[in-house]
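*Asks:*
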Amino acid sequence: MSVLVFAENSEGRFKKAAFEGVAFASAIAGGTVTAVVLGSMDAANAAELGKYGASKVLHYSDASFNSMDAGVFAQVISDAASKVGAQWVIVSNTYTGKAVAPRVAVRLNAAFAPGIIALPEGNTVKRSVFSNKGFADFSLNQSVKVVSLTPNSYSFTEGSGTAEVESCSFSPSGNRVSVKEVKKAAGKVPLTEAEVVVSGGRGLKGPENWHLIENLADTLNAATACSKPVSDVHWRPHSEHVGQTGITIKPNLYIACGISGAIQHLAGVSSSKVIVAINTDKEAPFFKAADYGVVGDVFDVLPRLNDAIKAFKNS
Amino acid sequence: MKILVCVSQVPDTTTKITFTPDNKSLNTAGVQFIINPYDELGITKALELNEQTGGGTVTVITVGGADTEPNIRKALAMGADDAVRIDAEPTDAFFVAQQIANYASSQNFDIIFTGRESIDYNGGQVGGMVAELLNIPHVNVITAITVNGNTGTVERDIDGGREVVEVTTPFLVSAQKDLCEPRIPNMRGIMTARTKPLQVIAANGADKRTEVAQFQAPAPKAGVKFIDPTNMDELVSLLHNEAKVL
Ligand SMILES: Cc1cc2nc3c(=O)[nH]c(=O)nc-3n(C[C@H](O)[C@H](O)[C@H](O)COP(=O)(O)OP(=O)(O)OC[C@H]3O[C@@H](n4cnc5c(N)ncnc54)[C@H](O)[C@@H]3O)c2cc1C
Ligand SMILES: Nc1ncnc2c1ncn2[C@@H]1O[C@H](COP(=O)(O)O)[C@@H](O)[C@H]1O
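Okay, structure coming up:
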């Protein structure tokens, strides 16, 4: 079966979600797949996708593809999909993927499912709905199927092998979106892809106490997140707000510190594999959703937990 | 400017979600439906943009049954000028997008707003699909927008940060939190909403590309294990040996 995967990169480096997507695509194909890479990147770097199951990389290296324009990206990806006769097209459910995938689906007359969380069974895919309050199996009723994969949904390992890299070009048509300014938070683990997330709520009392969250996150190589009221009052940037109206995440480990566990907050984090809640109130709703609970004051518990993890890492 | 705002209705955020016994649909008994929160932002921003330039119209469009009309009236009460309801159950995102694109293609809108996603199916599909069907650019998850002549300057969320982009009309944008504070209808708005035009149009085509085979409730949690706050070594050991996440 022919499967095409869009492997995203940021400034010439693949995101972890790209490797996950390629491995996922390769599992669907039952073998090797074709990957599309957009924008500037070393060919040797592009060939790395071979380690996750790509046999071929179509590299559209024009520098105009370094920034994301959904309409343009969709033209390139759907053109590549038609070329290789893809029956499945896989993208990652990142901001880029969310913008691009619906357009690709329209161009290919495909059935589309966003944010799937497991390998398809026949034509059926699983995704979470109602903000993690339920799941749904969707059947995809077109011969071409486009899906976006929720990051951290598919476990994969690095293999060996290099992909053949073919240098391609494509001239998109139509009106374009041009990027004027980029404001990136440099060097941080992106929240949607992080395997471990340390999150703080109003129980932290103020932004001056966030070193407690950040120190623990550093020790764990984790991303940091927060509850909605915390970003509403600008203790933390809005990009860290998780929940029904914020970002939905699915890390292996979510550590909730001084967060009550309101239903709208849980909506964004409840599909985390393991949840630890730390709260002074033993009746806090978070303890109903958590795997491990600590009834205690974050100001005592967090430094102690940080020390314990450091000791564990050094042992 | 002539602005179209796509509005869907969704269960209130505090709703406890259950499914019908055959697991084919949402159990709607006792569920209160509200305007999708991101669509309230779209309506508000569309009104603000026209207030700044001192002209234009804001039309809201919903693909849905007659049960959506109270929420459509609420959108009119917020200040939209008129409304269109395409009379069909919105069961498939592509079907919905097709209906909206059909309507919009004859109307020459400068800007179309959708929400970043509807909080029921969380797809974030309709915006991109409408833009592709109309062959216009779209900018997802926007947190700010200004328009000067036919140029929109738009701030959007990207993975790990934000970006400012420029785009010329006609274009579509999807509203994200932070775009604005949703407007609350005042008494006068509520009164005038009753008489504002609401056009009902029959749906066109029946191309359903996806369908729900079945819903499932999340598996219940095994129950929390409490750890003594003075014994964080035990927590670390459980996370390592039992949960295997460290
Ligand atoms: C439409 C809508 C959408 C929403 N969307 C979201 C969303 O996306 N994300 C979100 O997070 N919220 C959302 N909310 C808000 C949500 O309902 C809660 O109000 C919010 O999650 C509460 O944040 P919090 O837990 O940080 O604060 P609080 O509710 O104030 O809880 C603070 C907690 O910290 C504990 N605490 C206090 N001091 C300490 C201490 N020293 N040590 C340990 N624990 C301590 C307290 O016991 C309490 O449980 C939404 C609400 C609505 C109506
Ligand atoms: N039935 C509908 N009628 C009108 N607009 C809709 C409908 N469903 C979705 N939309 C629009 O598309 C956005 C994204 O929805 P979704 O693709 O369902 O996540 C919503 O915020 C609405 O603006």
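Top line first, the protein sequences correspond to chains A and B. The numbers in the working numbering rise by one with no breaks, and the one at position 290 of the first sequence is 290. The numbers in the working numbering rise by one with no breaks, and the one at position 94 of the second sequence is 94. We put the CB at the ideal spot given by N, CA and C, even for glycine. These figures come from a predicted structure and were not determined experimentally.
State the DSSP-derived secondary structure class of Asn292/B, mapped to helix, strand or coil.
*Replies:* In this structure chain B extends from 1 to 246, so residue 292/B is not present and cannot be described.
*Asks:* Rounding to the nearest angstrom, what Cα-Cα distance links Ala86/A and Val3/A in this structure?
*Replies:* The straight-line gap from Cα to Cα measures roughly 5 Å.
*Asks:* Give me, in chain order, the residues of the same chain whose beta-carbon lies closer than 7 Å to that of Leu134/B; leave out the 5 immediate sequence neighbours on both sides.
*Replies:* Correct list, in chain order: Ala101, Ala104, Ser105.
*Asks:* Classify Lys74/B: buried if its beta carbon has 16 or more other beta carbons within 10 angstroms, exposed otherwise.
*Replies:* Lys74/B is buried by the Cβ-count criterion.
*Asks:* Please write down, chain order preserved, every residue whose beta carbon lies under 5 Å from a heavy atom of ligand 1.
*Replies:* That query returns the following residues: Gly201/A, Arg202/A, Gly203/A, Ser227/A, Lys228/A, Pro229/A, Gly243/A, Gln244/A, Thr245/A, Gly246/A, Gly258/A, Ile259/A, Ser260/A, Ala262/A, Gln264/A, His265/A, Asn279/A, Thr280/A, Asp281/A, Ala284/A, Asp297/A, Val298/A, Thr13/B.
*Asks:* When DSSP labels each residue in this structure, what does Lys177/B get in the three-state scheme?
*Replies:* Coil at Lys177/B, not helix or strand.
*Asks:* Kindly indicate which three-state DSSP category Ile142/B falls into: helix, strand or coil?
*Replies:* Strand at Ile142/B.
*Asks:* Can you pull the chain B neighbours of Gly159/A, defined as C-beta to C-beta under 7 Å?
*Replies:* By Cβ distance, chain B contributes nothing, its closest Cβ being about 22 Å from Gly159/A, past 7 Å.
*Asks:* For ligand 4, is there any heavy atom lying closer than 6 Å to the beta carbon of Thr62/B?
*Replies:* Absence of ligand 4 is noted for the structure shown, with ligand 1 and ligand 2 being the only ligands found.
*Asks:* Under 8 Å by Cβ, that's how I've got Tyr292/A and Val224/B pegged, so tell me the actual separation to the nearest angstrom.
*Replies:* Indeed they touch by this definition, with Cβ atoms about 7 Å apart.
*Asks:* Counting only beta-carbon separations shorter than 7 Å, does Pro190/A have a partner in chain B?
*Replies:* Output row for Pro190/A: interface = yes.
*Asks:* Tell whether a beta-carbon distance below 7 Å holds between Ala308/A and Asp159/B.
*Replies:* It is not a contact, given that the beta carbons lie outside the stated cut-off.
*Asks:* So Leu4/B contacts chain A; which residues on that side make the cut at Cβ distance below 8 Å?
*Replies:* Simply none; closest approach about 18 Å.
*Asks:* Flag Thr114/B as yes when its Cβ comes closer than 6 Å to any non-hydrogen atom of ligand 2, and as no otherwise.
*Replies:* Yes.
*Asks:* May I have a chain-ordered list of the alpha helix (DSSP H) segments no shorter than 4 residues that lie completely inside the segment 161-245 of chain A?
*Replies:* Segments of the alpha helix (DSSP H) lying fully in the segment 161-245 of chain A: 211-220, 228-232.
*Asks:* What does Asn135/B reach in chain A if we use C-beta pairs closer than 7 Å?
*Replies:* Going along chain A in sequence order, the residues near Asn135/B (Cβ under 7 Å) are Gly174.
*Asks:* Run the proximity test for Val301/A: is its beta-carbon closer than 6 Å to any non-hydrogen atom belonging to ligand 2?
*Replies:* Every heavy atom of ligand 2 is 6 Å or more from the Cβ of Val301/A, so no.
*Asks:* Looking at ligand 2, does it come within less than 6 Å of Asn36/B, judged from the CB to the closest heavy atom?
*Replies:* Correct: Asn36/B has its Cβ closer than 6 Å to ligand 2.
*Asks:* Does the CB of Met1/B have a neighbour CB from chain A at under 7 Å?
*Replies:* Cβ-Cβ to chain A under 7 Å: no for Met1/B.
*Asks:* Arg85/B to Val130/B, Cα distance in whole Å?
*Replies:* Spanning the two alpha carbons is a distance of roughly 16 Å.
*Asks:* Please determine if the segment 156-171 of chain B and the segment 166-185 of chain A are in contact, where contact requires at least 3 C-beta pairs separated by less than 8 Å.
*Replies:* Enough Cβ pairs lie closer than 8 Å, so yes.
*Asks:* Give the straight-line distance between the Cα atoms of Arg304/A and Gln176/B, rounded to the nearest whole angstrom.
*Replies:* About 38 Å.
*Asks:* Should the segment 42-57 of chain B be called in touch with the segment 20-32 of chain B, which here means at least 3 C-beta pairs below 8 Å?
*Replies:* No: the two stretches stay apart, fewer than three of their Cβ pairs being nearer than 8 Å.
*Asks:* Do the segment 205-225 of chain A and the segment 163-170 of chain A touch if we need at least three Cβ pairs shorter than 8 Å?
*Replies:* Output reads no: the segment 163-170 of chain A does not touch the segment 205-225 of chain A.
*Asks:* Considering only DSSP beta bridges, list what Gln199/B is partnered with.
*Replies:* In DSSP, Gln199/B forms a bridge with Val84/B.
*Asks:* According to a CB-to-CB cut-off of less than 8 Å, which residues of the segment 62-96 of chain B neighbour chain A?
*Replies:* Against chain A - using a Cβ distance shorter than 8 Å - the residues of the segment 62-96 of chain B are Ala93, Phe94.
*Asks:* Give the range of the alpha helix (DSSP H) segment to which Asp300/A is assigned.
*Replies:* Here the alpha helix (DSSP H) through Asp300/A covers 298-314.
*Asks:* Rounded to a whole number of angstroms, what is the C-alpha to C-alpha distance between Lys288/A and Phe14/A?
*Replies:* Approximately 37 Å, taken between the alpha carbons.
*Asks:* Rounded to a whole number of angstroms, what is the C-alpha to C-alpha distance between Glu331/A and Pro185/B?
*Replies:* In the structure as shown, chain A begins at 1 and stops at 315. Residue 331/A is therefore absent and cannot be evaluated.
*Asks:* Between which two residues does the beta strand (DSSP E) harbouring Asp207/B extend?
*Replies:* From DSSP, Asp207/B is part of no beta strand (DSSP E); its letter is neither H nor E.
*Asks:* Which residues mark the beginning and the end of the beta strand (DSSP E) in which Asp137/A is found?
*Replies:* Asp137/A -> beta strand (DSSP E) spans 134-140.
*Asks:* Candidates Phe170/A, Asp232/A, Val100/A: which alpha carbon is nearest Tyr60/A's?
*Replies:* If we check each option's Cα against that of Tyr60/A, Phe170/A comes out closest.
*Asks:* When you check each C-beta in the segment 219-232 of chain B against every C-beta of chain A, which residues fall closer than 7 Å?
*Replies:* So the close ones are Lys221, Val224, Lys225, Phe226, Ile227, Pro229, Met232.
*Asks:* From Ile116/A to Gly56/B, what distance separates their C-alpha atoms?
*Replies:* Using only the alpha carbons, I get a separation of about 40 Å.
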